[in-house]
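Novice:
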Amino acid sequence: MSSLHNVFLDTIHEQRTLGVKGPAHQRLMAIQTTFADDIEVLNYALTLEHLEAAFYQLAPEYDLGTDAFGISINDRVAEVGAHETAHVDVLTQVITDLGGEPVAAAEYDFGVTDSMTFLATATVLENVGVSAYDGAGQFLENADLLSAAGSIVAVEARHASYFNLITGESPFPASFETPLTPDEVLEAATPFFVP
Amino acid sequence: MTSKQHTFEAMIQGALNSRLHEVSRRGLLRNAAIAGGSMAAIGTIGFASAQDATPVEGAESEESPFATPIDVLNYALTLEHLESAFYRDGLAEIGEMGVTDLGFDATVFEKLNEIAVHEADHVTTLTTVITDLGGEPVAEAMYDFGYTDAAGFLGVALALEDTGVSAYQGAAQFLIEEDGLLTAALTIHGVEARHASYLAILNEGNPFPEAFNPALTPAEVLEIATPFIVG
């Protein structure tokens, strides 16, 4: 597990040295590293979903080609982007329904320069997303919210599998996912936030 | 394809589809609501609406069918045994040629073997955890998956993985008081979803057909899995 974890953090490090920039932004630093209640867990998830949804807005700028099965990668990515937007919408609504204050989207810089860096960044975002949900699930106290989070993380894992596959990695590199703590997710996501 | 095989696969796929359709109905409605810009509808549909005291359909908010966390783990182990046996025996039967004859390259066979290793690892881990907790891990049963060729094998593989993802999702709530076990289950759940995504591609389907993955209750999962268990 720990070696897998290191590989994972190496991937993050590699991503950070690809040219994505910036120190931690105050907004992101405000992510709770422990959670006072379920609303804070949901806002943590929403922070990541905003990041993903914004990222996929960039997709039309790049010709991503076709995958090994002859399917347009841009078409697939458009579906992924629609999923992330749906996750943002539902989390925002649920947080509001629960009396919380949903976090807003921030300004991001993904450091994407071409189709290769786009797909590499998508791969990192989706894999981090799975690990973030897996690490945070235990903090939810409400069973319905846990089930809802489960319905999202499975889709993130499906996305991650696809992006791993088309970028030449194993779609399922280990028998078990690697949960990440909020601190670790913070480290992975910080470079994408514009200070 | 023999008519017997066809009937069997159609039955399983039909059961799966109807269950997934049923439990994802709210999800579909929800997505339709989003598409229509009608955000207000979401709360009434009930996605994770924790304020809503009305019991919702599907896998959420039901009384636990499991007496103990060990029972939840044995439920998971039952499915992992099924999957592990399926890949172990099936890949030996169809062989690399069975896969390459379908037009796939040999790496697909390698990846299917990776999945086999994962399922065996899940069996081993769950067995160990159940034993460590003082429980009695369920044993592997005898199965008949009904396929007769590599294409049939891949179809059943997808059905099993989709069911597995939805099964973990439906059962996770029953581990909500057991943080360590819940996290362990989630780390398996994600891997099953990765498998399902890949197998959907091999079956020329959509790797991520919906924005929210449907959940299945234990009763629904058993209805799908029971036809495979012959002794």
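Listed in order, the protein sequences are those of chains E and S. 163 is the number that the working numbering gives to position 172 of the first sequence; each next residue is one higher, with no gaps. Convert by adding 752 to the 1-based position in the second sequence; the result is the number in the working numbering. Every residue, glycine too, gets a C-beta built ideally from N, C-alpha and C. This structure is a prediction, so every number in the text was calculated from the model and none was measured.
1. Is the segment 932 to 952 of chain S close to the segment 122 to 129 of chain E, with three or more CB pairs under 8 Å?
2. Can you tell me which residues form a DSSP beta bridge with Thr57 of chain E?
3. Check whether the segment 98 to 113 of chain E and the segment 172 to 185 of chain E touch, using three or more Cβ-Cβ pairs below 8 Å as the test.
4. Opposite Phe184 of chain E in the DSSP bridges: which residues?
5. Do you know how far the Cα of Ala868 of chain S is from the Cα of Ser836 of chain S?
6. Using DSSP bridges, identify the partner residues of Tyr899 of chain S.
7. According to the neighbour-count rule (16 or more other Cβ atoms, all chains shown, within 10 Å of its Cβ), is Gln48 of chain E buried or exposed?
8. Looking at chain S, is there any beta carbon in it that lies within less than 8 Å of the beta carbon of Pro162 of chain E?
9. Leaving out five residues on either side along the sequence, give the residues of the same chain with a beta carbon under 6 Å from the beta carbon of Thr83 of chain E.
10. Comparing the C-beta of Tyr153 of chain E with each C-beta of chain S, is any distance below 8 Å?
11. So Glu913 of chain S and His947 of chain S are supposed to be a Cβ contact under 8 Å. How far apart are they, rounded?
12. Is it the case that the Cβ atoms of Val908 of chain S and Asn965 of chain S are separated by a distance below 8 Å?
13. According to DSSP, is Ile981 of chain S part of a helix, a strand, or is it coil?
14. Reducing DSSP to helix, strand and coil, say where Ser166 of chain E ends up.
15. Select from the segment 125 to 139 of chain E all residues with a C-beta closer than 9 Å to any C-beta belonging to chain S, and list them in chain order.
16. Is Leu974 of chain S close to chain E, meaning its C-beta is less than 8 Å from at least one C-beta of that chain?
17. Helix, strand or coil: which one does DSSP assign to Asn865 of chain S?
18. Is the segment 58 to 72 of chain E in contact with the segment 860 to 877 of chain S, if contact means three or more CB pairs nearer than 8 Å?
19. Spell out whether any CB of chain A is found under 8 Å from the CB atom of Ile953 of chain S.
20. Quick one: is Ala949 of chain S near chain E, going by C-beta distance under 8 Å?
21. Along chain S, in chain order, which residues have C-beta atoms closer than 7 Å to that of Ile86 of chain E?
22. I'd like the list of long-range same chain contacts for Gly957 of chain S, defined as Cβ closer than 8 Å, with 5 residues on each side in sequence excluded.
23. What residues from chain E crowd round Thr935 of chain S, counting only those whose CB sits closer than 8 Å?
24. Could you work out which residue in E:Thr104, E:Ala140 and E:Ala179 is closest to Ile928 of chain S when comparing CA atoms only?
25. Since Glu70 of chain E meets chain S, which of its residues come closer than 8 Å, beta carbon to beta carbon?
26. Among the candidates S:Val875, S:Pro961, S:Tyr950 and S:Thr879, whose CA atom is the shortest distance from the CA of Phe60 of chain E?
27. Leu156 of chain E versus chain S: which residues are under 7 Å apart at the beta carbon?
28. Mind reading off the beta-carbon distance from Val85 of chain E to Leu131 of chain E? Whole number of angstroms is fine, and I expect it under 8 Å.
29. Gly855 of chain S to Asn955 of chain S, Cα distance in whole Å?
30. Given Glu845 of chain S, which residues of its chain have a CB within under 7 Å of its CB, disregarding the five upstream and five downstream residues?
31. Just how far apart, CA to CA, sit Phe167 of chain E and Val943 of chain S?
Specialist: Taking the geometry as given:
1. Judged by Cβ distances under 8 Å, the segment 932 to 952 of chain S makes contact with the segment 122 to 129 of chain E, as three or more pairs qualify.
2. In DSSP, Thr57 of chain E forms a bridge with E:Ser63.
3. They touch, by the three-pair rule.
4. According to DSSP, Phe184 of chain E bridges with E:Tyr99.
5. Spanning the two alpha carbons is a distance of roughly 6 Å.
6. Answer is none; Tyr899 of chain S lacks a bridge partner.
7. Residue burial is scored here from C-beta neighbours: Gln48 of chain E has fewer than 16 other C-beta atoms within 10 angstroms and is therefore classed as exposed.
8. Yes, because at least one Cβ of chain S sits closer than 8 Å to the Cβ of Pro162 of chain E.
9. Here Thr83 of chain E has Pro93 as same chain residues with Cβ atoms under 6 Å from its own Cβ, once five neighbours each way along the sequence are excluded.
10. Yes, because at least one Cβ of chain S sits closer than 8 Å to the Cβ of Tyr153 of chain E.
11. That pair is a contact at about 5 Å.
12. When the beta-carbon positions are compared, Val908 of chain S and Asn965 of chain S stay at least 8 Å from each other.
13. Three-state DSSP puts Ile981 of chain S in a strand.
14. Reduced to three states, the DSSP call for Ser166 of chain E is coil.
15. Here the close residues are Asp125, Gly126, Gly128, Gln129, Phe130, Leu131, Glu132, Asn133, Ala134, Asp135, Leu136, Leu137, Ser138 and Ala139.
16. False, the Cβ-Cβ gap to chain E never drops below 8 Å.
17. DSSP places Asn865 of chain S in helix when its eight states are reduced to three.
18. Counting C-beta pairs with one atom in each stretch, the segment 58 to 72 of chain E and the segment 860 to 877 of chain S have fewer than three that are closer than 8 Å, which means they do not touch.
19. Any reference to chain A falls outside this structure, whose protein chains are E and S.
20. For the record, residue 949 of chain S in the displayed sequence is Ser; it is not Ala. So yes, Ser949 of chain S belongs to the interface.
21. Near Ile86 of chain E there are no residues of chain S at all, since even the closest Cβ is about 10 Å away, more than 7 Å.
22. Exclusion of the five residues before and after Gly957 of chain S leaves Leu910 as the residues of its chain whose Cβ lies within less than 8 Å of its Cβ.
23. In chain order: Asp125, Gly126, Gly128, Gln129 and Pro170.
24. Selected option, being the one with the closest Cα: E:Ala140.
25. What Glu70 of chain E touches in chain S, judged by beta-carbon distance under 8 Å, is Asn958 and Phe960, going in chain order.
26. Looking at the Cα atoms, S:Tyr950 is the closest of the given residues.
27. Those within 7 Å of Leu156 of chain E in chain S are Tyr950.
28. Contact annotation, Val85 of chain E with Leu131 of chain E: C-beta distance approximately 12 Å; criterion of less than 8 Å not satisfied.
29. Rounded to the nearest angstrom, the two C-alpha atoms are 12 Å apart.
30. Cβ within range, chain order: n/a, list empty.
31. Those two C-alpha atoms are separated by around 6 Å.
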